[in-house]
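Residue numbers (the numbering used here): 459 to 709.
Here the structure is laid out as structure tokens; the discussion comes afterwards.
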């Protein structure tokens, strides 16, 4: 049979790819052509209907486990809506399709780390892209805490970390504190008429550095050289960002 010639790839995989591609295409059309961004967000959330297709006692654990996926979907819709050029909106949707088809199904440590990293980066980036939302600091901090906590929980739980709940809460509060400070010195890089918040980049650098150190620690390969390399690299990038930004306090 044709579908049996390639092990691990059959008609079910073809249907899976087709359904996800059509789903992303519909989301794109709703945002770009039909101006139905709020309904696109609702569709992203409704696509997780299987979370509730179990006994009620499993609802909360399922919601927690799927928050990262929802964050990526909602953020992709928001970034597509805010895109200043059609080709930018296509890129955001292509990245979302890549998430659904390639990154999301992975379960190895590296890929799970990238899942958490991408969800956190995209979520914070999307929040600071919405100008009306930035003027609501309590709402922004609550959303950032939820995003950072979900990403950290997703990352730590893959390592069978016994304290993943506490570490997730701590990471969420740390990132919220950074964002609270950043709200008084809001800065953006303008690329192709699209605003990229510096705080999203700062959080991404911090997350990548600490995540790399934690991974080495759990794999029992942590050495002083790894700490120095990560510290110097992250520090250098943060210094460049701080020096190139035009800071102006806004209390």
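Cβ coordinates follow ideal geometry from the N, Cα and C atoms, glycine included.
Roughly how far, in whole angstroms, is the beta-carbon of residue i from the beta-carbon of residue j, given that I think they are within contact range, below 8 Å?
i           : j           : result
residue 495 : residue 532 : Incorrect: roughly 10 Å between the Cβ atoms, too far for contact.
residue 561 : residue 572 : 6 Å
residue 645 : residue 703 : 5 Å
residue 530 : residue 557 : 5 Å
residue 483 : residue 526 : That pair is no contact at about 23 Å.
With DSSP run on the structure shown, which of helix, strand or coil describes residue i?
i           : result
residue 522 : helix
residue 575 : helix
residue 654 : strand
residue 617 : coil
residue 646 : strand
residue 673 : helix
residue 730 : Beyond the ends of the chain as shown, which are 459 and 709, falls residue 730; an answer cannot be given.
residue 511 : coil
residue 493 : coil
residue 461 : Only weak support is given to the placement of residue 461: the predicted model assigns it a pLDDT of 43, under 50, and the question is left unresolved by the model.
residue 562 : coil
residue 679 : coil
residue 498 : helix
Give me the Cα-Cα distance between residue i and residue j, rounded to the nearest whole angstrom.
i           : j           : result
residue 591 : residue 642 : 14 Å
residue 707 : residue 480 : With a pLDDT of only 48 at residue 707, under 50, the local geometry of the prediction cannot be trusted, and the value read off the model is given with reservation. C-alpha separation (whole angstroms): 45 Å.
residue 617 : residue 611 : 10 Å
residue 564 : residue 570 : 7 Å
residue 460 : residue 469 : Per-residue confidence for residue 460 stands at a pLDDT of 38, beneath the threshold of 50, marking its modelled position as unreliable; no derived number is given.
residue 537 : residue 597 : 18 Å
residue 650 : residue 678 : 43 Å
residue 514 : residue 520 : 10 Å
residue 615 : residue 622 : 6 Å
Which same chain residues end up closer than 7 Å to residue i when comparing Cβ atoms and leaving out the 5 residues on each side of it in sequence?
i           : result
residue 510 : 517
residue 658 : 579, 582, 583 and 586
residue 654 : 583, 646 and 647
I'd like the list of long-range same chain contacts for residue i, defined as Cβ closer than 6 Å, with 5 residues on each side in sequence excluded.
i           : result
residue 603 : 630 and 634
residue 670 : 688
residue 547 : 490, 538 and 541
Flag residue i as yes when its Cβ comes closer than 7 Å to any non-hydrogen atom of the ligand SAH, and as no otherwise.
i           : result
residue 476 : Ligands in the displayed structure: none, and consequently the ligand SAH is not present.
ask   = Which runs of the beta strand (DSSP E) fall wholly inside the stretch 583-634 and span at least 3 residues, in chain order?
value = none
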